[in-house]
Amino acid sequence: MKLTLRYYGDSVLREVASPVEDFDEGLRELAEAMMEIMVTENGIGLAAPQVGVGKRLIVARRMRGLDDFDAPPMALVNPEIVGVSKETWTYEEGCLSLPGISAPIVRPQSVEVRYQDLDGQIHTVSDSSLFGRILLHEIDHLDGRLCIDYISSAQKSLIKSQLKNIKQQRT
Numbered sequence: 027m028k029l030t031l032r033y034y035g036d037s038v039l040r041e042v043a044s045p046v047e048d049f050d051e052g053l054r055e056l057a058e059a060m061m062e063i064m065v066t067e068n069g070i071g072l073a074a075p076q077v078g079v080g081k082r083l084i085v086a087r088r089m090r091g092l093d094d095f096d097a098p099p100m101a102l103v104n105p106e107i108v109g110v111s112k113e114t115w116t117y118e119e120g121c122l123s124l125p126g127i128s129a130p131i132v133r134p135q136s137v138e139v140r141y142q143d144l145d146g147q148i149h150t151v152s153d154s155s156l157f158g159r160i161l162l163h164e165i166d167h168l169d170g171r172l173c174i175d176y177i178s179s180a181q182k183s184l185i186k187s188q189l190k191n192i193k194q195q196r197t
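Using this note's numbering, the first residue of the sequence shown is number 27, and each one after it goes up by one.
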């Protein structure tokens, strides 16, 4: 399966993804291709819209911290946030769809996510490490949101020219 990364300015990144209904070989192939792209691009997470597929599927490394980069990737189908903590933490986030851009993003300290595996079985995961943040970031993609949507207008003005360059060069 040949997939390519989509970048800031591509309309698919602003669309709400549709639920996955067919748990078949095509879904497995999509998840494997996404994992391959994520690994090749040195990413820690990837959502289907980032490769032009409007389905609710994400792949993510189950990392506790940045020193855990070899953590194996996993696929989460139809993930939904079922709970978040009131406590927050700020962390510098980047995005494969926003090359060269990172910004401090405030997110909940912990998250609980319900998802299906590639066989359609339902699971729940709770996390308060980097993995939880990755899940929040990737689920945002499924809802048409980017991490830069969380930064102030002053911060956005600092990256305005970079965003313009990405839009012109990549779309």
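For each residue, glycine too, the CB sits at the ideal point set by N, CA and C.
- Item | Distance between beta carbons of Leu144 and Ala57, contact taken as under 8 Å | That belief holds up - the Cβ atoms of Ala57 and Leu144 are roughly 6 Å apart, short of 8 Å.
- Message: When you compare the CB positions of His163 and Arg133, do they come within less than 9 Å of one another, or not?
- Response: In this structure, His163 sits near Arg133, with a CB-CB distance shorter than 9 Å.
- Residue burial classification, Pro45 (beta-carbon count within 10 angstroms, cutoff 16): exposed
- Message: Quick check: the Cα distance between Arg32 and Ser111, rounded to an integer number of angstroms?
- Response: If you take the alpha carbons of Arg32 and Ser111, they lie about 31 Å apart.
- Hey, is Gln195's beta-carbon within less than 9 Å of any beta-carbon in chain C? Absent here is chain C; the protein component of the structure consists of one chain.
- In this structure, what does DSSP give as the bridge partners for Met100? Paired residues: Ala86.
- Message: Checking 9 Å against the spacing of the C-beta atoms, do Gly71 and Ile84 come in under that value?
- Response: yes
- Query: Can you tell me whether Ser187 is buried or exposed, with buried defined as 16 or more other CB within 10 angstroms of its CB?
  - Reply: exposed
- Message: At 3 residues or longer, what runs of the beta strand (DSSP E) sit wholly inside the stretch 136-181?
- Response: 137-142 and 148-153
- What does a CB cutoff of less than 6 Å around Val151 pick up in its chain, not counting 5 residues either side in sequence? Apart from the 5 residues on each side of it in sequence, Val151 sits with its Cβ closer than 6 Å to the Cβ of Val139 in its chain, given in chain order.
- Task: Could you tell me if Met27 is buried or exposed, where buried requires 16 or more neighbouring beta carbons within 10 angstroms of its beta carbon?
- Result: exposed
- Task: For Leu124, collect the residues of the same chain with a Cβ closer than 6 Å to its Cβ; drop the 5 residues on either side in sequence, then sort them by chain order.
- Result: Tyr34
- Would the beta-carbon of Ala59 fall within 9 Å of that of Leu168? no
- Message: Using the Cβ count rule (16 or more neighbours within 10 Å means buried), how would you classify Ile165?
- Response: buried
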